[in-house]
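Residue numbers (our numbering): 8 to 275.
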Amino acid sequence: MRVKLGLLGWPVGHSLSPRIFSTLGEELGVDLSYRAIPIAASELAGELDSLHADGYAGVNVTIPHKQAALAFLDSLTPEAKAIGAVNTISFSGAKSKGHNTDAQGFLDALAAGGFHTDGIDAVVYGAGGAARAAAWALGEAGAKSVRICARRGEQAKKLATDLKKLFRSTEFSAGPSRDADLWVNATPLGMEGFPDESPAGRGKSRMAFDLVYGRETAFLGQAREAGAKTLDGLSMLVFQALRGWEFWFKPLGKTREQLAAMILRELK
Ligand code: NAP
Numbered sequence: 008m009r010v011k012l013g014l015l016g017w018p019v020g021h022s023l024s025p026r027i028f029s030t031l032g033e034e035l036g037v038d039l040s041y042r043a044i045p046i047a048a049s050e051l052a053g054e055l056d057s058l059h060a061d062g063y064a065g066v067n068v069t070i071p072h073k074q075a076a077l078a079f080l081d082s083l084t085p086e087a088k089a090i091g092a093v094n095t096i097s098f099s100g101a102k103s104k105g106h107n108t109d110a111q112g113f114l115d116a117l118a119a120g121g122f123h124t125d126g127i128d129a130v131v132y133g134a135g136g137a138a139r140a141a142a143w144a145l146g147e148a149g150a151k152s153v154r155i156c157a158r159r160g161e162q163a164k165k166l167a168t169d170l171k172k173l174f175r176s177t178e179f180s181a182g183p184s185r186d187a188d189l190w191v192n193a194t195p196l197g198m199e200g201f202p203d204e205s206p207a208g209r210g211k212s213r214m215a216f217d218l219v220y221g222r223e224t225a226f227l228g229q230a231r232e233a234g235a236k237t238l239d240g241l242s243m244l245v246f247q248a249l250r251g252w253e254f255w256f257k258p259l260g261k262t263r264e265q266l267a268a269m270i271l272r273e274l275k
């Protein structure tokens with residue numbers, strides 16, 4: 008029987024997730040369909056219910072629904088609960104369960120890029136769902152400090168306060184940008200709608216990681232000019248999908264690194 012999967016977000020027209028999952032389905036011998044479904048915030052609860060009733064095995068959720076989706080689920084994995092955002096939902100019987108694979112996908116991508124996170128100073132731009140996952144992951148991976156820079160100071164402070172309680176040996180703070188080993192763009196600046204904008208503020212970094220994918224962003228261009236190494240969001244997108252597959256189905260049967268390399272070749 009064909010497995011039904013999908014992606015809920017706004018916008019989703021640009022998403023590579025349908026191609027990633029169809030490549031993975033072919034490689035792993037699973038017959039699946041994966042639909043990108045554009046929906047507004049007011050339609051999220053109804054759409055989740057209707058896909059569940061329609062026999063979907065699960066869905067991904069993306070910008071701007073990752074935090075809002077929490078309220079409509081029966082249970083959460085410990086990571087999703089701690090991060091306060093979900094990107095992967097499974098439907099099993101009458102129940103829905105939310106998980107967050109962005110955090111682990113973020114760390115997988117940094118590791119694949121040869122960047123070590125233990126003991127580093129990091130700056131995360133943004134305080135939405137992806138920023139929460141990246142900042143949580145950096146605490147989990149033993150960063151020395153994480154500074155959250157966001158347009159809404161209150162949201163940044165809340166994220167820093169939430170994470171301080173979970174990771175005692177990482178110093179979380181909210182405030183303006185500063186020098187760091189790693190800068191992470193977890194805002195939509197650089198994507199459709201904001202192609203030439205960058206959130207980067209004062210200071211510089213050794214590595215700049217833009218979670219936006221599929222284009223050369225101003226954030227990455229500026230960082231490279233200042234001498235930093237750079238990583239775009241494509242490899243994280245692939246790794247979070249592989250982690251999502253493992254949550255929905257079963258172990259992959261091949262290493263994540265092998266499958267990620269194969270999918271990245273396919274997407275080029
Ligand atoms: P989100 O929950 O809507 O959060 C977006 C954040 O960016 C919020 O803190 C928001 O703060 C801030 N922001 C929005 N517009 C801004 C602007 N014009 N200037 C400065 N800050 C702005 O979205 P998300 O799910 O975290 O996604 C953020 C980005 O990460 C998106 O580009 C998404 O595609 C990317 N992403 C990539 C991956 C991957 O696998 N590569 C995974 C997850 C997310 P305010 O509301 O205060 O402005």
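Think of the CB as a built atom: it goes at the ideal place given N, C-alpha and C, for glycine as much as any other residue. This structure is a prediction, so every number in the text was calculated from the model and none was measured.
Could you say which of K73, V130 and H106 lies nearest to A48 if we only look at CA atoms? K73
In this structure, how does DSSP classify F256 when only helix, strand and coil are distinguished? coil
G260 vs T108 beta-carbon contact at 8 Å: no
Identify every residue that forms a DSSP beta bridge with M198. L196
In the DSSP assignment, find the alpha helix (DSSP H) that holds R272 and state where it starts and stops. R263 to L274
Spatial neighbours of A52 within its chain, please: C-beta separation below 6 Å, excluding the five flanking residues on both sides. F79
Can you tell me whether DSSP reads F98 as helix, strand or coil? strand
Take W143 and list the residues in its own chain whose beta-carbon comes closer than 7 Å to its own, dropping the five residues that flank it on each side. A89, I90, A110 and L170
Enumerated in chain order, which unbroken segments of the alpha helix (DSSP H) with a length of 4 residues or greater are wholly contained in the region 143-213? 160-173
State whether the region 138-155 contacts the region 111-129, with contact taken as three or more CB pairs (one from each stretch) at a distance under 8 Å. yes
Going by beta-carbon coordinates alone, are F246 and A267 separated by less than 8 Å? yes
Quick check: what's the CA-CA separation for L227 versus G62? 41 Å
Where DSSP assigns a beta bridge to L238, which residues make up the other side? F216
Considering only heavy atoms of the ligand NAP, does any lie closer than 7 Å to the CB of L244? yes
D169 beta carbon near the ligand NAP (any heavy atom closer than 7 Å): no
Alpha carbons only, please: which of S205, V19 and A187 is nearest the one belonging to K211? A187
Given a threshold of 16 other Cβ atoms within 10 Å of its Cβ, counted over all protein chains shown, does A60 qualify as buried or as exposed? exposed
What does the alpha-carbon distance come out to for the pair S97 and G197? 30 Å
Could you pull out every residue in the same chain whose Cβ sits closer than 7 Å to the Cβ of R158, ignoring the five residues on either side in sequence? none
Kindly indicate which residue of C156, E232 and D81 has the alpha-carbon position closest to the one of K104. D81
If we count the other Cβ atoms within 10 Å of its Cβ and call it buried at 16 or more, is T124 buried or exposed? buried
Excluding the 5 residues flanking T224 on each side, which residues of the same chain have their C-beta closer than 6 Å to its C-beta? G197 and D217
On the premise that L15 lies in contact with V68, defined as a C-beta separation below 8 Å, what is that separation, rounded to the nearest angstrom? 5 Å
For A291, collect the residues of the same chain with a Cβ closer than 7 Å to its Cβ; drop the 5 residues on either side in sequence, then sort them by chain order. With the chain covering only 8 through 275, there is no way to say anything about residue 291.
Own chain residues within Cβ distance below 8 Å of H106, not counting five before or after: L83, T84, E86, A87, V93, N94, T95, I96, S97, G251 and F254
May I ask which residues mark the beginning and end of the beta strand (DSSP E) holding R42? L39 to P45
Between which residues of its own chain and A248 is the CB-CB distance below 6 Å, once the five residues before and five after are set aside? I27
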